[in-house]
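Going down the list, the sequences are from chains P and D. For the numbering used here, count along the first sequence from 1 and bump the result up by 342. For the numbering used here, count along the second sequence from 1 and bump the result up by 342. Think of the CB as a built atom: it goes at the ideal place given N, C-alpha and C, for glycine as much as any other residue. First the structure, in the form of structure tokens, and then the observations on it.
2 protein chains.
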Amino acid sequence: MIETGARRRAIDEVASELFHANGYAATSVRDIARALDIQGASLYAHVASKEDVLWSIVDRAATAFEASAERAIIETPDADPTERLAALVEAHIETITANPQHSSVFVTEWRHLSGARRTTIAARRDAYEARFRSTIETGVSVGAFHAMDPAIASTFLLTALNGISTWYRPDGRLSPDRIADHYIELALHSLSEDHR
Amino acid sequence: MIETGARRRAIDEVASELFHANGYAATSVRDIARALDIQGASLYAHVASKEDVLWSIVDRAATAFEASAERAIIETPDADPTERLAALVEAHIETITANPQHSSVFVTEWRHLSGARRTTIAARRDAYEARFRSTIETGVSVGAFHAMDPAIASTFLLTALNGISTWYRPDGRLSPDRIADHYIELALHSLSEDHR
DNA sequence: CCTACCGATCGGTAGG
DNA sequence: CCTACCGATCGGTAGG
Chain P
343 MIETGARRRA IDEVASELFH ANGYAATSVR DIARALDIQG ASLYAHVASK EDVLWSIVDR
403 AATAFEASAE RAIIETPDAD PTERLAALVE AHIETITANP QHSSVFVTEW RHLSGARRTT
463 IAARRDAYEA RFRSTIETGV SVGAFHAMDP AIASTFLLTA LNGISTWYRP DGRLSPDRIA
523 DHYIELALHS LSEDHR
Chain D
343 MIETGARRRA IDEVASELFH ANGYAATSVR DIARALDIQG ASLYAHVASK EDVLWSIVDR
403 AATAFEASAE RAIIETPDAD PTERLAALVE AHIETITANP QHSSVFVTEW RHLSGARRTT
463 IAARRDAYEA RFRSTIETGV SVGAFHAMDP AIASTFLLTA LNGISTWYRP DGRLSPDRIA
523 DHYIELALHS LSEDHR
């Protein structure tokens with residue numbers, strides 16, 4: 343049974359901020375507790391372990407990425423590869439900017455998970471990347487994108503996109519929409535056979 | 343006085359492998375010592391602190407990136423923006439693949455430095471990125487690259503390039519040269535006004 | 001480079 | 001959610 347009370351959610355919020363700022367390993371259980379104005383040991387009334395906190399953040403972020411990619415695909419049912427890729431890039435950036443802390447923890451701290459959790463997340467990341475890769479493959483085969491290695495191209499693209507979670511600030515120069523505009527243009531240019 | 347003996351270099355080598363694999367904060371001084379078959383306390387015959395080990399790795403990696411970019415620029419004295427950017431991308435990828443452990447520690451663990459060291463590295467990273475950014479700016483102004491935000495474009499590009507340090511394996515499918523070929527093509531396509 | 005040791009802090013438990 | 005506490009481990013020092 344996963345606790346879902348307000349306090350449990352607050353733990354994820356402050357923990358994701360601390361993990362984002364300093365990393366999972368450099369954040370102690372007492373750091374999290376202090377941010378909530380409770381004792382370190384009191385945290386264990388809500389969670390079974392420090393790793394459980396990481397897991398709930400990573401699992402939730404993974405679900406957010408999956409759901410928004412799913413939505414993007416459903417909402418563009420007969421899109422060509424160019425439109426489909428633009429929709430995936432836009433969805434990815436929306437997810438990141440909607441919650442950069444959760445996203446950056448998902449992107450950079452999941453390796454601190456152990457055992458089955460780590461394996462599961464690795465598989466879900468692969469499946470997520472496969473959506474980008476197969477869209478690129480299709481685009482290459484129909485001549486919308488130039489000849490390239492789709493695995494390399496999707497890695498190139500996704501690492502650039504994920505980088506946003508590390509530098510994005512809500513009070514920064516560019517709004518999420520403007521960032522998405524620029525990144526979609528760069529992404530499509532990088533792949534397209536012959537633009538305009 | 344910085345010690346530069348063989349043992350000191352061996353410390354950096356095993357430490358960069360461990361920091362690369364598990365992160366700085368999750369690596370203990372005794373982990374490093376164990377990999378060298380010595381006692382934890384014996385490490386302090388060679389280094390003054392754990393952070394000094396991180397610093398020497400990060401400082402050396404930063405110098406390697408700076409030197410290879412410098413070399414790329416000197417070797418292409420009258421390059422146009424497209425050629426200059428290709429040279430910078432190639433140099434960056436060469437530096438990463440020549441030593442992915444050092445590079446990934448530089449890219450992902452520098453935030454664990456404290457005080458002046460952290461400030462210095464942040465400034466050196468900014469100066470390094472400025473080379474990419476100003477090359478892009480020039481390219482836009484002479485019409486070689488399409489209209490874009492050069493700051494966003496250089497961030498897009500450098501995060502994609504730095505990502506290589508996290509996934510590259512010497513025994514992987516693609517050689518450093520092939521990776522560089524693909525990335526240069528993707529990078530130039532993403533920026534160019536009108537290719538071929 | 002070793003043994004012996006330091007105080008501080010770690011994640012976590014017991015019992016209320 | 002608290003107090004009190006656990007063994008393990010942390011980075012680091014002293015003295016050889």
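Chain D contact residues for residue i, given Cβ-Cβ distances below 8 angstroms
{"i": "P:Asp519", "result": "The premise fails here: P:Asp519 is roughly 13 angstroms from chain D at the closest Cβ pair, so nothing lies under 8 angstroms."}
{"i": "P:His362", "result": "Those do not exist, as P:His362 stays about 11 angstroms from chain D at its closest Cβ, beyond 8 angstroms."}
{"i": "P:His454", "result": "Gly365, Ala368"}
Residue from the options whose Cα sits closest to the Cα of residue i
{"i": "D:Ile463", "options": "D:Phe448, D:Thr369, D:Glu432, D:Asp379", "result": "D:Phe448"}
{"i": "D:Tyr366", "options": "D:Ser476, D:Pro512, D:Trp452, D:Ala495", "result": "D:Trp452"}
{"i": "D:Gly505", "options": "D:Thr437, D:Ile416, D:Asp422", "result": "D:Thr437"}
{"i": "D:Glu408", "options": "D:Ala472, D:Ser517, D:His362", "result": "D:Ala472"}
{"i": "D:Val371", "options": "D:Gln381, D:Ala414, D:His362", "result": "D:Gln381"}
{"i": "D:Ala320", "options": "D:Ala465, D:Asp519, D:Arg475", "result": "Because chain D is modelled from 343 through 538, residue 320 of chain D falls outside the range shown and cannot be assessed."}
{"i": "P:Asp401", "options": "P:Ser483, P:Thr480, P:Arg460", "result": "P:Arg460"}
{"i": "D:Val482", "options": "D:Phe361, D:Leu530, D:Ile416, D:Leu378", "result": "D:Leu530"}
{"i": "D:Ile526", "options": "D:Pro442, D:Leu499, D:Asp468", "result": "D:Leu499"}
Within chain D, the residues that residue i reaches when beta carbons sit closer than 9 angstroms
{"i": "P:Thr497", "result": "Ala502, Gly505, Ile506, Trp509"}
Cut-off 6 angstroms between Cβ atoms - residues of its own chain near residue i, not counting five sequence neighbours on either side
{"i": "P:Ser532", "result": "none"}
{"i": "D:Arg544", "result": "Chain D is shown from 343 up to 538; residue 544 of chain D falls before or after that span and cannot be answered."}
{"i": "D:Arg350", "result": "His388"}
{"i": "P:Ala414", "result": "Ala429, Leu430, Ala433"}
{"i": "P:His488", "result": "Glu535"}
Nearest-angstrom Cα separation, counted from residue j out to residue i
{"i": "D:Asp491", "j": "P:His524", "result": "8 angstroms"}
{"i": "P:His537", "j": "P:Ser446", "result": "Below a pLDDT of 50, predicted positions are generally treated as unreliable, and P:His537, at 49, falls in that range; the measurement from the model is reported next regardless. Approximately 32 angstroms, taken between the alpha carbons."}
{"i": "P:Ser456", "j": "P:Trp397", "result": "10 angstroms"}
{"i": "P:Asp354", "j": "P:Gly485", "result": "45 angstroms"}
{"i": "P:Ala495", "j": "P:Ala411", "result": "18 angstroms"}
{"i": "D:His434", "j": "P:Gly347", "result": "48 angstroms"}
{"i": "D:Ala403", "j": "P:Thr418", "result": "44 angstroms"}
{"i": "D:Lys392", "j": "P:Arg426", "result": "48 angstroms"}
{"i": "P:Val431", "j": "D:His444", "result": "31 angstroms"}
{"i": "P:Thr501", "j": "D:Ala493", "result": "17 angstroms"}
{"i": "D:Thr477", "j": "P:Leu503", "result": "22 angstroms"}
{"i": "D:Pro423", "j": "D:Tyr386", "result": "48 angstroms"}
{"i": "P:Asn364", "j": "D:Thr450", "result": "11 angstroms"}
{"i": "P:Ala390", "j": "P:Ala352", "result": "16 angstroms"}
{"i": "P:Asp379", "j": "P:Leu360", "result": "15 angstroms"}
{"i": "P:Ala406", "j": "D:Ala383", "result": "46 angstroms"}
{"i": "P:Ala458", "j": "D:Glu479", "result": "47 angstroms"}
{"i": "P:Leu516", "j": "P:Pro442", "result": "14 angstroms"}
{"i": "P:Asp513", "j": "D:Gly514", "result": "40 angstroms"}
{"i": "P:Thr497", "j": "P:Arg475", "result": "8 angstroms"}
{"i": "D:Ile416", "j": "D:Tyr470", "result": "15 angstroms"}
{"i": "D:Glu345", "j": "P:His362", "result": "34 angstroms"}
{"i": "P:Asp468", "j": "D:Asp468", "result": "32 angstroms"}
Neighbouring residues, chain P, relative to residue i (Cβ below 9 angstroms)
{"i": "D:Leu528", "result": "Met490, Ile494, Ala495, Phe498, Leu499, Ser532, Leu533"}
Within chain P, the residues that residue i reaches when beta carbons sit closer than 7 angstroms
{"i": "D:Tyr525", "result": "Phe498"}
{"i": "D:Gly365", "result": "Gly365, Ala367"}
Beta-carbon contacts of residue i that lie in its chain and below 7 angstroms, excluding the five residues immediately before and after
{"i": "P:Thr508", "result": "Ser446"}
{"i": "D:Leu528", "result": "none"}
{"i": "P:Ala421", "result": "Ala429"}
Paired residues, beta bridge with residue i - DSSP
{"i": "P:Ser534", "result": "P:Phe487"}
Cut-off 8 angstroms between Cβ atoms - residues of its own chain near residue i, not counting five sequence neighbours on either side
{"i": "D:Ala357", "result": "Thr369, Ile374, Val395, Leu396, Ile399"}
{"i": "D:Arg466", "result": "Ala404, Glu408"}
{"i": "D:His454", "result": "Tyr366, Ala367, Glu393, Leu396"}
{"i": "P:Ile521", "result": "Ile435, Thr439, Ile506, Tyr510"}
Closer than 6 angstroms: residue i CB and nearest the ligand NAP heavy atom
{"i": "D:Ala377", "result": "The ligand NAP is absent from the structure shown, which contains no ligands of any kind."}
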